[in-house]
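Peer 1:
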């Protein structure tokens, strides 16, 4: 390892949102004062287990210290603790409680006491509902315990039927609250153990016609920025995340310096709480209180929304550009041209020498090569060097690790590691880790798969040509050579057009068929519909049931999709990973929705168990639909973009549903009930989720 990377401190986080960002704001200055570079490894929140890239970084780079935040599962935290202990790396935990370790966390006790005093004593709540957090996470456990104790001290018994599992997630809390409101509406307060789940519960109450704070008061915990920009503003507890980060960095520095002086490090301090404070806003306001700050809040919300929309436009632009990429050079150009609009000041994209292979052994020294070096608003020449992935950058660029705050995001599809991206976001409200992970991983996977097919085709062509030359002088064997050539060409065509796993059309066939049919329909002025299909939570399915069953499930999904189409010119194909696509020439909204309904019905009949899905006990899929009148003046890629955006909308609304992009304005739409869907298509489906369809008024 080079000297620079050997001085690293690694912060391990699960995703990068406001919580992690505020922690890191406190960590970075304290380390920079001692010339210690900080790199943030962003674990994928949808991929259980310790990433192989993180294990390689810790084992081979041997950083001087690690700041560890909570994992999504207790087993992962235990595994990480054992690994760090084995490697002898100094570590401080934030938001995690472990024996014989230094663990910094918010003062949940005083914070929750202040919150209960406000909600119960000052606002008079007597029948509160509790939205719990992550079951094993120490902050969640402690906050719930204090809440129950404080209620008991006041002679209030918490009704266990009003206790919901929110998992610190907006979507989970929203769904759980909507379900509760079908049975109970007599609660007078909702106390959530973090802001995201509080906002999810608040949204569910509002959608059910329950006014906040007039009918029910709502509180959270964390004081994230969004809590002040909500309407009404969310009452919460500020846990001083920057202070927690600063305190953790100070303890880690002390331990590192003690070890470098030849000692065994400092004695673990155990749990170290950082003071919290109550922040009262409109979600717990008494009835009739004058809203003196409504104008300022509205202005702040408008500015935040405008900034968010601009950032989302940049994200959509990158997604659109990535869809068109067919080579690595195109990927690099598309990414580099949009980094400034995404607020990224530095970005380094690297791919593995064996990109597309299955996950490499954790102890292996995987080699990487840099394909993009972006800083100061421009791309720079690339070193001609293949380097160990744990080194993060080629030797000549290692000084880049010394300044700023670089986030390391691994790139993979299912169980195939593709590479990683190191980036520093200097501005903008959108957290980019998830955006970059999804768009770059999917695009790189498609590029590498296409390259593999082309290499295979070139190999076959060379073999055929050589064999043909050898047999040219032999009349007797000429017929045999011709037969070999025909078989090789047939194999070439088949391998280029069929997906090796599902045996339906692949992405190459999809692109050709779409282009051909677009030209045909353009000549007739006819419509063409496109379905984009994504198997819901397939990564979690693979992790739960294994890859053999995962492959079998993809085959079943492909079979259901093929059976759902009726016209000989319709084409169902595998788009990549767990994504599929269907081209429907001469089909409008009604025909496209009918195909989607048939497919979902067939998939429901298959009833593939999916115990790891919070959406349904069986495997489900989300579908995005786009329809356009074909024209030579319009690129068919626009239909793909529209269907992909509709698919994103279906997933954002909770998955297991169909979203239809509107004509001219995909964002305009409303949710169509199961009954309305039946009326539209003439085909019912007993598995339909009421409220799972999005269409535009014009399309109806």
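Numbering (this note's numbering), first residue to last: 11 to 710. Each residue gets a CB set at the ideal place from its N, CA and C atoms; glycine is no exception.
(1) Give me the Cα-Cα distance between residue 359 and residue 380, rounded to the nearest whole angstrom.
(2) Measure the C-alpha to C-alpha separation of residue 551 and residue 418 and round it to an integer number of angstroms.
(3) Quick check on the burial criterion: 16 or more other C-beta atoms within 10 angstroms. Buried or exposed for residue 680?
(4) For a minimum of 3 consecutive residues, which ranges assigned as the beta strand (DSSP E) are wholly contained in the segment 56-95?
(5) Using the beta-carbon count (16 or more within 10 Å), is residue 96 buried or exposed?
(6) With a floor of 3 residues, list each beta strand (DSSP E) that falls wholly inside the segment 359-445, ordered by position along the chain.
(7) By the three-class DSSP mapping on this structure, what secondary structure does residue 26 have?
(8) On the DSSP bridge list, what partners appear for residue 570?
(9) Hey, how far is the Cα of residue 73 from the Cα of residue 18?
(10) So, with DSSP's three-state summary, where would you put residue 592?
(11) Using the beta-carbon count (16 or more within 10 Å), is residue 211 buried or exposed?
(12) Could you tell me which residues DSSP pairs with residue 197 in its beta bridges?
(13) Measuring only the C-alpha atoms, how far is residue 290 from residue 195?
(14) Whose CA, out of 82, 43, 22, lies closest to the CA of residue 64?
(15) Report the rounded CA-to-CA distance for residue 355 versus residue 432, giving the unit in angstroms.
(16) Starting from residue 186, trace the alpha helix (DSSP H) in both directions and tell me its first and last residue.
(17) Is there contact here, the segment 578-598 with the segment 529-544, by at least three beta-carbon pairs under 8 Å?
(18) Please report the distance separating the alpha-carbon of residue 478 from that of residue 471.
(19) For residue 269, which residues in the same chain have their Cβ closer than 8 Å to its Cβ, ignoring the five residues on either side in sequence?
(20) If the criterion is Cβ atoms closer than 7 Å, does the pair residue 459 and residue 422 meet it?
(21) Looking at the structure shown, is residue 581 part of a helix, part of a strand, or coil, going by DSSP?
(22) Consult DSSP for residue 478 and reduce its assignment to one of helix, strand or coil.
(23) On the CB-based measure, 16 or more other CB atoms within 10 Å of its CB, does residue 666 come out buried or exposed?
(24) Determine the contact status of residue 592 and residue 511, defining contact as a CB-CB distance below 7 Å.
(25) Could you check whether the segment 155-164 touches the segment 115-130, counting it as contact only if at least three pairs of C-beta atoms, one from each stretch, sit closer than 8 Å?
(26) Under DSSP, the beta strand (DSSP E) around residue 634 begins and ends at which residues?
(27) Could you tell me whether the Cβ atoms of residue 329 and residue 449 are closer together than 7 Å?
(28) Rounded to a whole number of angstroms, what is the C-alpha to C-alpha distance between residue 531 and residue 454?
(29) Can you look up residue 246 in the DSSP assignment and give me helix, strand or coil?
(30) Would you call residue 406 buried or exposed, if buried means 16 or more other Cβ atoms sit within 10 Å of its Cβ?
(31) In this structure, how does DSSP classify residue 112 when only helix, strand and coil are distinguished?
(32) Would you check if the distance between the CB atom of residue 230 and the CB atom of residue 184 is smaller than 7 Å?
(33) For a test of the three-state rule: what should DSSP assign to residue 509, helix, strand or coil?
(34) Rounded to whole angstroms, what's the CA-CA distance from residue 401 to residue 445? Just pull it up for me.
(35) Could you check if residue 29 is buried or exposed, using at least 16 other CB atoms within 10 Å of its CB as the buried criterion?
(36) What span of residues does the beta strand (DSSP E) with residue 136 cover, start to end?
Peer 2: Here's the rundown:
(1) 6 Å
(2) 26 Å
(3) Because the pLDDT at residue 680 is just 38, under 50, the model does not fix this residue reliably, and the value given afterwards should be weighed accordingly. Looking at its Cβ environment, which holds fewer than 16 other Cβ atoms inside 10 Å, residue 680 is exposed.
(4) 75-78
(5) exposed
(6) Every beta strand (DSSP E) of 3 residues or more that sits fully in the segment 359-445 is shown, in chain order, as 377-385, 396-398, 416-423, 426-435.
(7) coil
(8) Answer is none; residue 570 lacks a bridge partner.
(9) 5 Å
(10) strand
(11) buried
(12) BP columns for residue 197 are empty, so no partner.
(13) 24 Å
(14) 22
(15) 11 Å
(16) From DSSP, the alpha helix (DSSP H) with residue 186 extends over 180-191.
(17) Output reads yes: the segment 529-544 touches the segment 578-598.
(18) 10 Å
(19) Same-chain partners within the cutoff: 100, 275.
(20) Their beta carbons are not under 7 Å apart, which means residue 459 does not touch residue 422 by this criterion.
(21) Of the three classes helix, strand and coil, the one that applies to residue 581 here is strand, per DSSP.
(22) helix
(23) buried
(24) no
(25) yes
(26) 631-639 is the extent of the beta strand (DSSP E) around residue 634.
(27) yes
(28) 31 Å
(29) strand
(30) exposed
(31) strand
(32) no
(33) In this structure, residue 509 counts as coil in the three-state DSSP scheme.
(34) 24 Å
(35) buried
(36) Careful: residue 136 lies outside any beta strand (DSSP E) and carries neither H nor E.
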